[in-house]
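Taken in order, the sequence shown gives residues 0 to 311; the numbers are from numbering that gives the first Met the number 0. All residues carry an ideal CB built from backbone N, CA and C; glycine is no exception. Written below as structure tokens is the structure these notes are about.
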Amino acid sequence: MNKTAKKVITAGIIVFLAAIILGNSTYIVREDEVAVVYRLGRADRVAVNPLDRELVETGFSARDLHVDINTSKGLNFKLPFIETVSKYSAKYHTYRSESATINTFDSRRIDLSIFAQYRVVNPALFHMTIGRMDDSASVMDDRVYPAVIQTANTLAFNEFFDKNKVMDALEHERNVLNQNLVSQYGLYIVDIGIYRKNFPQANIASIEEKMTKEIQKESEKLRAEGDSLLVQSKAETDRIKEETIAKAVEEAAIIRAEADAEAARIYEEALKMDVEFYRFIQRMETYKNLKGTTVFLDQSNDFVKYINSTRQ
């Protein structure tokens, strides 16, 4: 083998070894992943989401672990052959429980199924305690499911149909669960709830009867409220009617009084202009009212004089 061939082989070996070393010196963490780097079997540092840094610090503090926290994803470096990397999905994972029959606070029975959405926030603790995503469902069964069922036991039957009441109770339980899950397993529950509720077959008849009575009771209440509103509306209408009529009568009386006053004023002015004519008109009105009555008048009567004067 000549020197040129030896150089080519040596260069190839060097390139091959360099590629191996370089491949073992870098690792890539995608945006939807978290990772933990182990140095000689001990957790040295983690790559996590920036928003989860405080949760990760809380978990390490609870276990008195000193691990560096890196919030930069993408290309990272490690010591070849000395450090190893374990990566886990940071996406949401959904847990669904089997249906279970529970007793409500008012001793009624209902079948419930719950769900929880969770994700890995601390890959070091997750790797130490669970290790595989497939095994995380068992933690949900052991920790989350009993806690939610216990919370459900504190609710009355009718409260299960009050969305806000159920959400408030489950939100409180979610916060309590996360304090334990973050520090022990590196898991964080994002959402929790009841996705299915059914009535046990044996209780359906009694439930329907109770619901029918509740509906009838509510109907009677609404009917009574409607009758009360009708009476109030009618009373209000009558009041407005009476006030309107009274106001109209009052205005009519005022107008009549003003008209009488105006007529009196006109009569008074007419009297001032010709007193004798006014008296004559008054007598004419009197005679008109004596229609059908025989009246004897003297020749000196003004009316007789007026009649005689018109004949000339």
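Could you tell me which residues DSSP pairs with Glu32 in its beta bridges? Ser88
DSSP on Ala155, reduced to helix/strand/coil? coil
Who does Asn197 pair with in a DSSP beta bridge? Asp110
Mind the definition here: the segment 23-36 touches the segment 80-90 only if three or more C-beta pairs lie below 8 Å; say whether that holds. yes
Leaving out the 5 sequence neighbours to the left and right, which residues in its chain are closer than 6 Å to Ala168 when beta-carbon positions are compared? Thr150
Inspect the CB distances between the segment 114-123 and the segment 76-83 and report whether three or more fall short of 8 Å. no
Helix, strand or coil at Asp237 according to DSSP, with G and I counted as helix: helix
Backbone CA spacing between Arg95 and Gln178 [nearest angstrom]: 21 Å
Given Ile148, which residues of its chain have a CB within under 8 Å of its CB, disregarding the five upstream and five downstream residues? Ala99, Ile101, Leu111, Ile113
Contacts around Glu158, its chain only, beta-carbon distance under 6 Å, and the 5 residues preceding and following it disregarded: Lys164
Hey, how far is the Cα of Ser227 from the Cα of Glu219? 12 Å
Count the other C-beta atoms from every protein chain shown that fall within 10 angstroms of the C-beta of Met139, then say buried if there are 16 or more, exposed otherwise. buried
Please report how far the alpha carbon of Leu221 lies from the alpha carbon of Arg131, in whole angstroms. 57 Å
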